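Student:
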Amino acid sequence: MSEKCNLCPRLCNAERDILRGSGFCGCGTNPVISRAALHMWEEPVISGSAGSGTIFFSGCTLGCAFCQNYAISSSLRGRAVTPEELAGIMRNLEKQGAHNISFVTGTQYVPAIIDALNIYRPAIPTVWNSGGYERVETVRQLADYIDIWLPDYKFALPDAAAKYAHARNYPETAMAAISLMCELSGENVIENGIMKRGVIVRHLVLPHNVRNSIAALRAIEKNLPKGTLVSIMSQYTPSGNISEFSELSRRLNRSEYDKVCAEADTLGIGGFMQELSSASEEYVPDFDLTEL
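When the letters of the sequence shown are read in order and numbered with numbering that gives the first Met the number 0, they come out as residues 0 to 291.
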């Protein structure tokens, strides 16, 4: 039996069965998972000392050309699981001592993830780790299930969004979704250095795209509640499908990153800033069906 899907802003109205779909993401309704394991490379309040229990889903509704997880975002590499199996994976990560359960790029599987959380609700926080390209209606579906929202705000310039992700409406669409996440979450709750509830907005700085990054920070300062935590990331490493984009063929340089961080200081934006040394392929996990 197939279903029609309009979970993401692309509004494909796609036919989807358990394993495949005709929409932009190509995904079926059962989640495909490439890795589920403790992950130490998130923000300190997410990873803590024990790690975040991250579940990496294959496929993506955004499909950025430069995706650092391109090996799984551009394909259905991994194992399809039922909601019951997903519930078991969450339980196992919790038993391993994870600070939270983090769903990485799961928009295309929202109904199954909700089903899994209805089967087993962890005693630790749940994290929605996404590219920010969400429908507000889908965010509302998740409202009773997610404790921590960890969206990207990738593009503030429509031309950049269209060029790299074929999503010209990304700036206003993602901002509407993130604004709702902030409303649903309320004030951040951090106990003993670990986030229990709240929002962190991520922004990856791309080479030759400082103008987009500065515009993104200004949009965040203008539209989101004062004090919203922002993680400004310098970890870009040339990867994905960037053959058409020569400007993305190198890593970020110090001058570019410093300009973006200086703008954050001027705007009074607080949060997290990475060292340029984080731009390394060693921080991209092996999508080897770990724990599956």
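Think of the CB as a built atom: it goes at the ideal place given N, C-alpha and C, for glycine as much as any other residue. What you are looking at is a predicted structure, and each value in this text was computed from that prediction instead of being measured.
#1: Which of the three DSSP states, helix, strand or coil, is assigned to residue 158?
#2: Can you tell which of 162, 182 and 97 has its C-alpha closest to the C-alpha of residue 65?
#3: Taking 8 Å as the threshold, find out whether the stretch 111–124 comes into contact with the stretch 162–173 through three or more Cβ pairs.
#4: CB-CB under 6 Å to residue 156, same chain, minus the five flanking residues each way: which ones, in chain order?
#5: Please list the terminal residues of the continuous alpha helix (DSSP H) segment that includes residue 259.
#6: Could you give the residue range of the alpha helix (DSSP H) that holds residue 181?
#7: Report back the beta-carbon spacing between residue 180 and residue 138 to the nearest angstrom; my notes put them in contact at under 8 Å.
#8: Nearest to residue 40 by CA position, among 33, 152, 53 and 34, is which residue?
#9: Measuring CA to CA, which of 259, 236 and 194 is closest to residue 69?
#10: The beta strand (DSSP E) spanning residue 100 covers which residue range?
#11: Are there 16 or more other CB atoms within 10 angstroms of the CB of residue 252, so buried, or fewer, so exposed?
#12: Spatial neighbours of residue 21 within its chain, please: C-beta separation below 6 Å, excluding the five flanking residues on both sides.
#13: Where does residue 250 sit, in a helix, a strand or coil, going by DSSP?
#14: By how many angstroms is the C-alpha of residue 146 removed from the C-alpha of residue 159?
#15: Smallest Cα separation from residue 169: which of 185, 150 and 209?
#16: Nearest by alpha-carbon distance to residue 221: which of 16, 93, 233 and 268 is it?
#17: Cutting at 8 Å between CB atoms, please list the residues of its own chain near residue 3, excluding the five before and the five after it.
#18: Distance check for residue 258 and residue 86, CA to CA, integer angstroms please.
#19: Taking the Cβ atom as the reference point for each residue, do residue 28 and residue 17 lie within a distance shorter than 8 Å?
#20: Assign residue 85 to one of three DSSP states: helix, strand, or coil.
#21: Assuming residue 141 is part of the alpha helix (DSSP H), what are its boundary residues?
#22: Output yes or no for whether 8 Å exceeds the beta carbon distance between residue 245 and residue 42.
#23: Quick check on the DSSP output: the alpha helix (DSSP H) that includes residue 195 runs from which residue to which?
#24: Excluding the five sequence neighbours on either side, which residues of its own chain have a C-beta within less than 6 Å of the C-beta of residue 57, listed in chain order?
#25: Short check: CB of residue 256 to CB of residue 238, under 8 Å?
#26: Tell me the DSSP secondary structure of residue 293 in three-state form.
#27: Can you name, in chain order, every residue of its own chain whose Cβ lies under 6 Å from the Cβ of residue 311, other than the five neighbours on each side?
#28: Roughly how many angstroms separate the alpha carbons of residue 178 and residue 136, rounded to a whole number?
#29: Would the beta-carbon of residue 106 fall within 8 Å of that of residue 129?
Tutor: Once the coordinates are examined:
#1: helix
#2: 162
#3: no
#4: 211 and 214
#5: 253–266
#6: 169–184
#7: 6 Å
#8: 53
#9: 236
#10: 100–103
#11: exposed
#12: 13 and 14
#13: coil
#14: 31 Å
#15: 150
#16: 268
#17: 12, 13, 14 and 15
#18: 44 Å
#19: yes
#20: helix
#21: 135–141
#22: no
#23: No alpha helix (DSSP H) contains residue 195, which is instead part of the beta strand (DSSP E) from 193–203.
#24: 31, 33, 71, 75, 76 and 77
#25: no
#26: Summary: the structure shown does not reach residue 293, with the chain confined to residues 0 through 291, and so no result is reported for it.
#27: As shown, the chain starts at 0 and ends at 291. That puts residue 311 outside it, with no answer to give.
#28: 13 Å
#29: yes
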